[in-house]
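Everything on this sheet refers to the single structure shown next.
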Amino acid sequence: MKKLFTLLFAVLVMGGLHAQQKSDLPNVTIKDLQGKDVNIAKLSNNGKPFVLTFWATWCGPCIKEHNALDEVYQDWQDETGVKIYSVSIDDSRSTAKVKPFVEGKGWDFEVLLDVNKDLARAMNVSNPPYTFLFDGKGKLVYQHSGYIEGAEDDLYEEILKLKK
Amino acid sequence: MLSLHAQSFVDNAQINGSFQTDAQYYRLDPGIDILDLNGKKLGVNGFGKIGYTYGNFSAGMRFEAFLPEMNGFRSELNGVGLANFFASYDNGFIGVTVGDIYDQFGSGLVFRTYEEWSLGMDNSLRGIRTVIRPTQGVTLKGVYGRQRYFWAPYLERDFSNDDYRGIVRGVDADWDLNQSIASMNDSEFKMTMGASFVSKKQADQSMFYTIPENVSAAAGRISLGYGRFSFSTEYAYKINDPSAINNFIYKEGQSLLSSLSYSQKGLGIVLQVKRTDNMSFKSMYTGKQNDLDINFIPPINYTHTHSLPSMYTYSTQPNGEMAAQFQVNYTIPKGTALGGKYGTKLAFNISQVNDIVRDSVPFGNSMALQQAGSLGYSSKFFAISDHRFFRDINFEIDKKISKDWHLTAQYINLYYDIETIEGHVGAPVVQANIGFLDVTYKINKRQSIRFELQGLWEKEVHKGYFVDESEKKDFQKRGDWAFALVEYTITPHWSFSLADKWNYGNPVEEYRDHYFTGTVSYLHDATRVMLSAGRQSEGVVCVGGVCRTVPASSGVTLTVSTSF
């Protein structure tokens with residue numbers, strides 16, 4: 001059984017690498033803050049680019065990144081129409097805190113709850129913060145692990161490139 | 001036709017994967033009492049995972065290597081192998097997964113399987129999962145399988161080697177009224193309900209007790225929302241489940257988790273309460289530590305991220321807890337006197353955990369509590385014991401002062417009962433005041449410098465009973481601490497930091513050690529490389545209320561991770 005799996009995999013992997021496909025939006029359903037199901041494969045922003053950024057209420061650098069994004073978000077939206085989806089990987093110990101936390105911080109992002117880390121696993125996010133940028137068609141164009149001061153400027157440069 | 005099909009199976013597929021390697025090189029360091037490496041100079045933890053998606057089909061596998069495991073990880077991890085694989089088909093109406101499953105029912109009080117790399121913990125279920133969504137808003141799930149136990153084989157359990165793992169099976173139903181009832185679709189009133197049932201089937205291998213071969217647990221939950229208010233609660237019940245964790249008592253278990261919150265732009269308030277009573281639920285009744293948990297009892301206290309505040313982290317006590325936490329997040333608006341140009345973010349949190357109240361039930365001639373083979377005790381649901389395990393009161397201010405300066409400061413008042421939380425009999429209670437200041441200065445568009453100053457001032461309250469002299473050192477290692485860090489970053493790739501953690505107030509003079517570390521990290525897109533050298537103090541690493549202890553060490557640590 002195990003051997004069969006490994007073999008099957010080797011074939012698929014080689015085929016996949018050969019095909020040079022980039023991993024885009026996975027077919028994973030998580031919830032928004034209102035409890036509504038959101039299928040990630042169907043995410044879009046009216047043909048404009050969008051950002052998926054993974055964070056948690058217990059992650060210091062994530063909060064720094066979110067504060068930094070929050071400051072520039074209005075300008076970014078005005079200039080490029082970009083939308084930020086903020087995916088919380090908080091589990092049941094802090095899920096109930098996410099909404100009051102986000103509101104209390106005054107953030108305007110579209111917040112999604114990945115309580116069981118289904119999306120994080122599908123997108124290979126092992127440690128937050130982790131940021132993905134998708135173009136208007138849902139194609140992955142940029143990703144970044146971790147956050148250091150000023151990294152939002154580089155993200156914006158990538159967003160601007162999509163405008164051209 | 002077939003070949004055409006096969007071609008599209010390859011061309012339209014998505015492949016992704018990730019790799020991580022953590023390696024530590026250890027050296028002798030008499031300065032912090034490391035006089036023997038026990039033959040271990042190197043510890044390496046690594047994984048590689050790969051996933052494949054084609055339309056509604058997906059599959060993946062994860063390979064792990066512990067050669068040998070790093071210090072502080074369980075020695076049973078030592079080895080190399082295919083730790084996880086799965087194949088899954090989901091067309092929206094029905095989904096089937098075979099292989100290693102991660103899932104949770106409700107908040108996890110009766111079922112949650114997950115993996116936490118930094119703890120070396122993985123309780124995935126190898127078996128089958130079926131998900132059916134008969135109508136919009138209704139989800140039915142069933143799981144069946146056996147949990148991962150390090151590298152033990154799944155099919156041939158080895159009773160002679162203490163592998164008593166049972167089979168876990170469970171069903172869950174979730175009903176979101178807003179999605180399933182048309183007239184409620186856009187209602188301001190939100191309502192979701194759910195129920196789950198989980199049971200384990202285990203073999204009785206005990207020579208002393210009669211172990212029930214089927215142990216079941218059930219839970220019910222409801223979430224309500226109206227405008228700015230949200231309320232959710234879950235109650236779980238488990239029949240008698242004698243185990244090594246509860247000292248083989250035959251009492252039923254219960255758990256309740258509730259939260260109420262209010263939020264509007266700039267203000268968020270949340271109150272949570274929790275009761276845990278004899279709720280350890282493992283698929284192996286002899287399991288200890290974090291082995292083979294079927295359920296997850298979330299700790300609800302505040303999670304600290306800075307070095308000294310996270311020195312004393314609470315971990316869930318499955319045998320009994322009465323816990324509450326209250327948190328307020330408030331942003332003073334921009335343009336006001338106190339808010340300044342950028343606004344000021346404030347946070348207040350208080351969390352406390354006490355024991356439950358246990359009343360004795362007669363067992364033979366004895367009235368003692370928690371005796372093996374007895375019903376253990378009886379407990380009033382809402383009664384709170386005077387025995388406090390933990391309390392954390394903290395206040396945080398987060399302020400951008402100007403275009404270039406940013407400041408975060410926090411004050412924490414902590415109460416931590418080492419004896420209960422870490423299980424050292426006779427250990428004292430620690431009462432500590434902790435503070436930190438975290439300041440960032442942006443030198444220019446690409447370069448920043450960040451400083452951290454932290455202090456921990458504590459008082460130990462001894463309980464006055466016998467303490468083994470040989471263990472005394474463990475309790476006295478602590479005392480007052482200071483911590484300083486300076487970090488220089490160049491966007492987007494580089495970060496350099498130097499830190500010193502100093503146990504200057506240790507009651508024993510020879511333990512007043514410095515723990516210097518220097519770290520360089522490099523980020524590039526999906527790749528992260530981190531190299532650090534220096535000393536690591538003995539401590540506890542916790543993720544999600546599950547902790548592992550890390551011994552003091554000295555040497556070099558390298559982490560490389562990437563994904564594609």
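Line by line, the protein sequences give chains A and B.
For the first sequence, this note's numbering begins at 1 and goes up steadily by one.
For the second sequence, this note's numbering begins at 1 and goes up steadily by one.
For every residue, glycine included, the Cβ atom is placed at its ideal position computed from N, Cα and C.
- Taking A/D91 as the centre and dropping the five residues before and after it, the same chain places the C-beta of V115 closer than 7 Å to its C-beta, in chain order.
- At a Cβ-Cβ threshold of 8 Å, B/R548 and B/L119 count as neighbours.
- Here DSSP, grouped into helix, strand and coil, assigns A/F101 to helix.
- Rounded to whole angstroms, the Cβ separation of B/S280 and B/P318 is 4 Å, and the two are in contact under 8 Å.
- A/V82 is a Cβ neighbour of A/F50, given a cutoff of 8 Å.
- Between B/V430 and B/R478, the CB-CB gap stays under 8 Å.
- Rounded to whole angstroms, the separation of the alpha carbons of B/S374 and B/G60 is 46 Å.
- One thing to note: B/T210 has its Cβ no nearer than 8 Å to the Cβ of B/R221.
- Residues are counted here when their Cβ sits less than 8 Å from a Cβ of chain A; for the stretch 305-323 of chain B these are T305, H306, given in chain order.
- Spanning the alpha carbons of A/K42 and B/A173 requires a straight line of approximately 25 Å.
- Residue contact with chain A for B/V353: absent (no Cβ-Cβ distance below 8 Å to any residue of chain A).
- Within chain A, S92 have C-beta atoms less than 7 Å from the C-beta of B/S107, given in sequence order.
- B/D163 is positioned such that its CB atom lies closer than 8 Å to that of B/Y149.
- Under the DSSP definition of a beta bridge, B/V357 lacks any partner.
- Take the alpha-carbon of B/V560 and the one of B/S379: they are about 50 Å apart.
- In terms of CA proximity to B/S261, A/A96 leads the group A/A68, A/T131, A/K117, A/A96.
- Counting C-beta pairs closer than 8 Å gives fewer than three between the stretch 265-276 of chain B and the stretch 131-138 of chain B, which falls short of the contact rule.
- Under the three-state reduction of DSSP output, B/S75 falls in the helix class.
- Taking a C-beta distance under 8 Å as the contact criterion, B/F111 and B/N295 qualify as a contact pair.
- In this structure B/S107 is not in contact with B/E115, their Cβ atoms being roughly 18 Å apart against a cut-off of 8 Å.
- Pairing B/E69 with B/N78 gives a Cβ-Cβ distance under 8 Å.
- For A/D114, there is no enclosing beta strand (DSSP E), as DSSP marks it with neither H nor E.
- Chain-ordered, the chain A residues with CB closer than 7 Å to the CB of B/R446 read G150.
- Neighbours of A/W58 across chain B, judged by C-beta separation under 7 Å: T303, T305.
- In the DSSP assignment, B/K190 falls within the unbroken beta strand (DSSP E) covering 189-201.
- The beta carbons of B/G46 and B/S563 sit about 14 Å from each other, so the pair does not count as a contact at 8 Å.
- For B/W405, the enclosing beta strand (DSSP E) begins and ends at 405-417.
- When secondary structure is reduced to three states using DSSP, B/Y302 falls in the coil class, being assigned neither helix nor strand.
- Ranking B/I32, B/I167, B/M311, B/L28 by CA distance to the CA of B/G39 puts B/L28 first.
- Contact annotation for A/Q143 against chain B: D525, A526, S563 [CB-CB distance below 9 Å, chain order].
- Taking a 10 Å sphere around the C-beta of A/N46, we find fewer than 16 other C-beta atoms and assign the residue as exposed.
- Annotated as distal: B/Q289 and B/A324, with beta-carbon spacing of 8 Å or more.
- Contact with chain B is absent for A/G138, since none of that chain's Cβ atoms lies less than 8 Å from the residue's Cβ.
- Fully enclosed beta strand (DSSP E) runs of no fewer than 3 residues occupy 214-226, 229-238, 253-264, 267-277 of the stretch 210-298 of chain B, in order along the chain.
- Here B/Q147 is bridged, per DSSP, to B/L125.
- Residue contact check for A/E79 against chain B: no CB pair falls below 8 Å.
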